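Below is one structure, written out as C-alpha cells; the observations come after it.
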Amino acid sequence: MLKFFVKVFCISILSIGSFFVFLQKAQAIENRGAFVITNFDVGIFVKEDTTIEVEEIIDVNFSQKRHGIYRKIPVRYKDDNGFKYNMKLRDVSVTNRRGEHLDFKQYNEGSEVVLQIGDADVEIFGDVQYVISYTIQRGMRFFDDHDEIYWNPIGVGWPTKIYNASSTVYFEERINSLEENSLCFTGGFGSLKQDCTISAISSSEIEFNASGVLNEYEGLTIAVNLPKGLVEQPTKKDYFFMFLLDNWAFAIPILAFFGMFYLWHFRGKELDLGRAVVTQYSPPDNLTPGEVGYLIKERYSHKFVAADIVNLAVKGYLEIREIEIEGLQILKSLNNLSSKVIGRIRPIVIMVLMGIAVSFAVPLAAEGTSVFSIIFSIAFFGIFISILLGKNKKLFKNNTVGKMCDYELENKKDWTNTKELTLHEKRLLKGLFASKILGKVKLSDKKKFYTHVGIATKKIDEQIKTREYFEKSTINSKVLYVVSGVLAGFVMFVIGSITQRLDFFLSAIATATVLISFGLLMSKKTKKGIKSYWNAKGYEHYIDVAERYRAKFNEEENIFEKNLPFAMVFGNVDKWAKAFEGITKESPSWYHSRTPISSFRAVSFANSLNDGFASAANSASTSPSSSSSGGSSGGGGGGGGGGSW
Numbered sequence: 108m109l110k111f112f113v114k115v116f117c118i119s120i121l122s123i124g125s126f127f128v129f130l131q132k133a134q135a136i137e138n139r140g141a142f143v144i145t146n147f148d149v150g151i152f153v154k155e156d157t158t159i160e161v162e163e164i165i166d167v168n169f170s171q172k173r174h175g176i177y178r179k180i181p182v183r184y185k186d187d188n189g190f191k192y193n194m195k196l197r198d199v200s201v202t203n204r205r206g207e208h209l210d211f212k213q214y215n216e217g218s219e220v221v222l223q224i225g226d227a228d229v230e231i232f233g234d235v236q237y238v239i240s241y242t243i244q245r246g247m248r249f250f251d252d253h254d255e256i257y258w259n260p261i262g263v264g265w266p267t268k269i270y271n272a273s274s275t276v277y278f279e280e281r282i283n284s285l286e287e288n289s290l291c292f293t294g295g296f297g298s299l300k301q302d303c304t305i306s307a308i309s310s311s312e313i314e315f316n317a318s319g320v321l322n323e324y325e326g327l328t329i330a331v332n333l334p335k336g337l338v339e340q341p342t343k344k345d346y347f348f349m350f351l352l353d354n355w356a357f358a359i360p361i362l363a364f365f366g367m368f369y370l371w372h373f374r375g376k377e378l379d380l381g382r383a384v385v386t387q388y389s390p391p392d393n394l395t396p397g398e399v400g401y402l403i404k405e406r407y408s409h410k411f412v413a414a415d416i417v418n419l420a421v422k423g424y425l426e427i428r429e430i431e432i433e434g435l436q437i438l439k440s441l442n443n444l445s446s447k448v449i450g451r452i453r454p455i456v457i458m459v460l461m462g463i464a465v466s467f468a469v470p471l472a473a474e475g476t477s478v479f480s481i482i483f484s485i486a487f488f489g490i491f492i493s494i495l496l497g498k499n500k501k502l503f504k505n506n507t508v509g510k511m512c513d514y515e516l517e518n519k520k521d522w523t524n525t526k527e528l529t530l531h532e533k534r535l536l537k538g539l540f541a542s543k544i545l546g547k548v549k550l551s552d553k554k555k556f557y558t559h560v561g562i563a564t565k566k567i568d569e570q571i572k573t574r575e576y577f578e579k580s581t582i583n584s585k586v587l588y589v590v591s592g593v594l595a596g597f598v599m600f601v602i603g604s605i606t607q608r609l610d611f612f613l614s615a616i617a618t619a620t621v622l623i624s625f626g627l628l629m630s631k632k633t634k635k636g637i638k639s640y641w642n643a644k645g646y647e648h649y650i651d652v653a654e655r656y657r658a659k660f661n662e663e664e665n666i667f668e669k670n671l672p673f674a675m676v677f678g679n680v681d682k683w684a685k686a687f688e689g690i691t692k693e694s695p696s697w698y699h700s701r702t703p704i705s706s707f708r709a710v711s712f713a714n715s716l717n718d719g720f721a722s723a724a725n726s727a728s729t730s731p732s733s734s735s736s737g738g739s740s741g742g743g744g745g746g747g748g749g750g751s752w
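Take a look at the structure:
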C-alpha cells in the first residue's frame with residue numbers, strides 16, 4: 108500500500124510539473140510573434156541616499172491585436188548566504204509618448220512585481236510607446252573599498268527580439284575614470300558576452316549600448332564601480348533591521364521563546380521552597396527504584412527497568428542466574444556482536460545523513476527545486492526531532508559488548524495476587540514469566556519484553572499521577588507543547604521548501620527546539636511532589652557518600668542489596684559497592700554467578716550486575732530497530748522581462 112501511494116505521489120508531481128511547463132511554453136509561443144520591441148532605452152538616476160530612479164522607454168510594434176504589455180520587475184533576491192533580500196519598489200507610473208497616464212494593474216508574482224499595462228476593453232495594433240517610471244530602494248551594493256551599481260536595465264525575461272537596447276546612468280556628483288570602472292554584458296542568463304559599447308558622456312553620465320539585436324530571453328547588464336562615500340551606505344543597525352524585515356521568519360522562534368518563558372515562569376516553574384539537600388536513608392514514600400527515577404528524571408528509562416527487576420529479586424520474587432554460552436550459542440553471540448558494532452557506527456551514519464540532507468535541501472531550495480528540497484527537508488527534520496526527543500539514545504548507549512553469557516530468571520513467589528507490588532512491577536513480571544508460577548525463562552528469549560515495558564511505563568505514569576506529585580494541567584500541557592513543537596517545526600520546514608526561504612528552514616529548527624525544550628520543563632510539581640523530590644535527592648546523596656556511614660551498616664540487615672537497585676537508578680553503583688568492601692561477606696542469595704568464587708567482593712559483584720545483567724535487561728527492554736565580484740548577463744538588480752496580453 109505504501110509503495111502504491113509513493114507511486115501516485117511521484118506521478119502526480121511529474122504530471123503537475125509537466126502541466127506548468129506546458130503552460131509556460133504555450134504562453135511563450137503565444138507571445139512570440141505577437142510583438143517586437145524596436146527600441147528599449149533605460150535611464151538610471153543614482154541618488155546620494157542610495158535610491159535609484161528608473162525611467163524605461165519601450166517602443167513596441169504589435170503585429171497582432173493585443174491589449175498591451177506586462178512588465179515584470181524583480182524585487183526579491185537571495186544574498187550570498189541564501190537569505191532573503193528585498194528591494195523596495197515605489198512611485199510607479201506608466202505614460203505614453205504624450206505623457207498621458209495609462210491604466211495598469213500592479214501585483215506580486217513570486218519574486219517579481221508585475222505591471223499589467225493596458226485596458227481589457229481596448230485592443231491596440233502597430234507602434235505603441237510605453238514610459239515606465241519607478242523608484243528602487245536598496246539597489247546598491249557595498250564593498251570594503253568601493254560601492255557598485257550592478258543592474259539589468261533590460262532583463263532576460265522578454266520572449267521577443269529587442270532591436271535597439273541602451274541604458275544611461277546618471278550620478279549627482281562627478282566621478283573620475285568613469286568609463287574605465289564600468290562593464291557591460293549581453294546575452295542570456297549567465298552569459299559573459301560583451302557585445303556592447305561604453306561611452307562616458309560626462310564625468311557624471313555614462314551610456315551603454317548593445318551592439319546588435321537582442322534575441323528572445325537575452326538582456327543587457329551593466330556594472331559601475333563607485334568610490335566610497337559617493338552614496339550613503341546604511342549603518343549596521345539599518346542592515347540588522349532590514350535583515351529581520353526581509354527574513355521575518357526569524358521572529359517566530361524569538362516570539363516563541365519569550366512566550367514559552369512567560370508560560371513557564373508563571374505556570375510551569377516550580378515553587379522554590381528554599382529546600383537544601385538533607386541526607387535521607389531510605390526512598391521517599393516507600394517508592395520503587397523506577398518511581399524514584401521517574402520523580403527525579405520525569406521519565407521511566409530502560410536503566411530503571413533493570414533496577415526494578417533487581418529490586419524484585421531483592422524482594423524474593425525471582426532469582427538471577429548467569430548461563431555460559433556454548434556451541435551454536437557462541438555463533439549467535441558473534442552475530443549479535445556484529446550487530447552491536449554496526450550499532451556503534453550508526454550514530455555516525457545518522458550525522459552524515461543529516462549533513463547530506465542539509466547540503467541538498469538548502470541549495471536545491473535556493474535553486475527553486477522545491478519538490479526535492481521538501482523530501483530532504485522532511486528527512487532531515489525527522490532525524491533532528493528523533494534525536495532531540497531522545498528516541499535514538501539507544502544508538503549511543505546499549506551498544507557495549509557484554510560478556511559471553513546469558514541470564515536465566517527464575518520466579519520464586521506468586522506475584523499475581525499480592526498487594527506488596529505496584530502495577531508496573533506486576534507488568535514487568537508478567538512480561539518475563541507470562542502466567543507461569545515458579546517458572547524459568549532466559550532473558551535472551553524475551554523478544555517481546557519491550558512491549559510490556561511500554562505498558563509498565565503507562566502504569567508508572569498512572570501511579571505517579573495517583574500520588575499527586577505533579578499538577579494535572581502541566582502533565583497534559585507538557586505533551587501538548589512537545590507535539591506543538593514537532594508540528595510547528597514540520598510546517599515551517601515545508602513552507603521553507605515551497606518558498607525556498609532559508610530563514611524558514613533555520614527557524615523551524617529553532618522553534619521546534621524552543622517549544623520542545625520548554626515543554627519538557629512544564630511538569631510542575633505540587634508541594635507534595637517537591638518535598639518528595641528533595642527527599643529523593645537526599646537519598647541520592649546518602650548513596651553517593653555512603654563510605655561516611657560504614658559504621659552504621661551493621662545496624663540494618665541486608666542494607667547493601669536493599670539499596671543496590673536505587674544505586675543503579677542514581678548511577679552510583681561503584682561508590683555504593685566500594686563502601687561495603689570488607690563488610691559484606693556473602694553473595695546475595697538471589698544472584699548466582701557462572702563462576703564460583705571463594706570470597707565475595709561487593710565491587711566485583713556490583714560491576715558484574717550493573718555492566719552485565721543491566722545491559723542485557725536494557726537490550727531486552729528496547730524495541731528492535733528495523734534493518735535496512737565579477738559579473739555576467741542577468742546578474743544584479745533590475746532586469747526581469749515581460750510580454751503582451
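According to my numbering, the sequence shown is numbered sequentially starting from 108.
Every residue, glycine too, gets a C-beta built ideally from N, C-alpha and C.
Keep in mind it's a predicted model, so treat the numbers as computed, not measured.
Quick one: is residue i buried, meaning 16 or more other Cβ sit within 10 Å of its Cβ, or exposed?
i: LYS410; result: buried
i: VAL320; result: exposed
i: LEU419; result: buried
i: ILE176; result: buried
i: ILE243; result: buried
i: GLN171; result: exposed
i: TYR649; result: buried
i: ASP415; result: buried
i: LYS631; result: buried
i: ILE308; result: exposed
i: ARG173; result: buried
i: GLY397; result: buried
i: SER200; result: exposed
With a threshold of 6 Å on Cβ separation, who are the neighbours of residue i within its own chain once the five nearest residues in sequence on each side are excluded?
i: ILE164; result: ASP148 and VAL238
i: TYR698; result: ILE427
i: ALA563; result: HIS531, ARG534 and LEU535
i: GLN213; result: LEU222
i: ASP210; result: ASP226
i: THR304; result: ASN316
Which same chain residues end up closer than 8 Å to residue i when comparing Cβ atoms and leaving out the 5 residues on each side of it in sequence?
i: PHE347; result: none
i: LYS268; result: VAL143, ILE144, VAL320, LEU321, ASN322 and GLU323
Compute the beta-carbon to beta-carbon distance between residue i and residue j, rounded to the nearest angstrom, for a pair I have assumed lies under 8 Å.
i: GLU280; j: SER311; result: 6 Å
i: PHE600; j: ALA615; result: 4 Å
i: LEU425; j: LYS519; result: 6 Å
i: TYR514; j: PHE720; result: 6 Å
i: MET367; j: PHE625; result: 4 Å
i: ASP252; j: LYS335; result: 7 Å
i: LEU759; j: TYR241; result: The chain is shown only over 108 to 752; residue 759 falls outside these bounds and no answer can be derived.
i: ILE313; j: GLU286; result: 6 Å
Tell me, which residues are paired with residue i by DSSP?
i: PHE249; result: ASP254
i: ILE159; result: VAL153 and ILE243
i: PHE169; result: PHE142 and GLY233
i: ARG183; result: ASN193
i: LEU516; result: ILE427 and VAL548
i: TYR214; result: VAL221
i: ALA307; result: ILE313
i: LEU594; result: In the DSSP output, where bridge partners are listed per residue, LEU594 has none listed.
i: LYS632; result: PHE577
i: THR202; result: HIS208 and VAL238
i: ASN665; result: None, per the DSSP bridge assignment.
i: LYS60; result: The shown model of the chain, from 108 to 752, leaves out residue 60, and the question about it has no answer.
i: LEU321; result: ILE269
i: GLY326; result: GLY294
i: THR529; result: DSSP lists no partner for THR529.
Less than 7 Å between C-beta atoms, sequence neighbours within five positions excluded: which residues of the same chain meet that for residue i?
i: HIS559; result: ARG534, LEU535, LYS537 and GLY538
i: ALA473; result: Residue confidence for ALA473 is low, a pLDDT of 45 falling below 50, so the modelled location carries little weight and cannot support an answer.
i: ALA363; result: THR618, VAL621 and LEU622
i: ASN670; result: ILE650 and TRP683
i: GLY561; result: none
i: ASP345; result: none
State yes or no: is the C-beta of residue i nearer than 7 Å to some heavy atom of the ligand FAD?
i: VAL676; result: Of ligands this structure carries none, so the ligand FAD is not represented either.
Between the stretch 154-171 and the stretch 239-257, can you find at least three pairs of beta-carbon atoms closer than 8 Å? Segments in contact, yes.
Cβ contact check for the stretch 267-279 and the stretch 354-364: 3 or more pairs under 8 Å: No: the two stretches stay apart, fewer than three of their Cβ pairs being nearer than 8 Å.
Please confirm if the stretch 635-646 is in contact with the stretch 389-398, defined as three or more CB-CB distances below 8 Å between the two stretches. By the criterion of at least three beta-carbon pairs nearer than 8 Å, the stretch 635-646 is in contact with the stretch 389-398.
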